[in-house]
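Some notes on the structure that comes next.
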Amino acid sequence: MKYCIKLVIALTLILTVLPSHAFGDFFTSLAQRQSIDAMREQGGISLDQHFQEPQVITVNGFYYQGHNKKRKGSVWVNGEQLSEKESRNGITIERLNKKDHTARVILNEGAPPHAFKPGQKIYLDRYEMKDAYQ
């Protein structure tokens, strides 16, 4: 009896799937699929020239001064290690603040510093700061 029920369910599923000839086109219609294939044959599409990746500065992490105070703290900005008071590519590490766990970073010469926590990033085109989880 159990075998018959399984057979009926299997046949029902098979018969409902067979008429849907677009089984492989779940996310595109036939017209969309044809236009994608035509673009591939022509060598793909070119992106709009006005499109640019947003400039982002990310503070990947930092550590504070060592316990023997011989070594200054370091900050990783966009994957590059910078020490306190060091400047590279227009980015200057002003200081590390142990109390509120931030790194004060100057993005442009003469601009006020921004306080970053580890993982935060700032989009330079709109000066919008986001946390790592956003």
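Using the numbering used here, you'd call the opening residue of the sequence shown number 23 and step up by one each time. All C-beta atoms in this analysis are idealised placements derived from N, C-alpha and C, irrespective of residue type, glycine included. Just so it is clear, the structure is predicted and the values come from calculations on it, not from any experiment.
In three-state DSSP terms, what is K152?
Assigned with DSSP and collapsed to three states, K152 falls in strand.
Could you check where the alpha helix (DSSP H) with S57 kicks off and where it finishes?
First-last of the alpha helix (DSSP H) with S57: 52–63.
Contact between the stretch 114–126 and the stretch 92–102 (3+ Cβ pairs under 8 Å)
They touch, by the three-pair rule.
CA-CA distance, T34 and I144?
Going from the Cα of T34 to the Cα of I144 covers about 55 Å.
Nearest to R148 by CA position, among I79, V30, T114, R126, is which residue?
Nearest option by C-alpha distance: I79.
Start-to-end residues for the beta strand (DSSP E) that takes in L129:
Annotation: L129 is outside any beta strand (DSSP E) and is labelled neither H nor E by DSSP.
Neighbourhood of E106 by C-beta distance below 7 Å, restricted to the same chain and skipping five residues each side:
For E106, where only same-chain residues beyond five positions count, the Cβ hits under 7 Å are K94, G95, I115, R117, L118.
Check this for me: beta carbons of F84 and P134, under 8 Å apart or not?
It is not a contact, given that the beta carbons lie outside the stated cut-off.
Sub-8 Å separation of A154 and F138 beta-carbons:
F138 is positioned such that its CB atom lies no closer than 8 Å to that of A154.
Spatial neighbours of I128 within its chain, please: C-beta separation below 6 Å, excluding the five flanking residues on both sides.
Once the five neighbours on either side are set aside, the close Cβ partners of I128 are T114, E116, P135.
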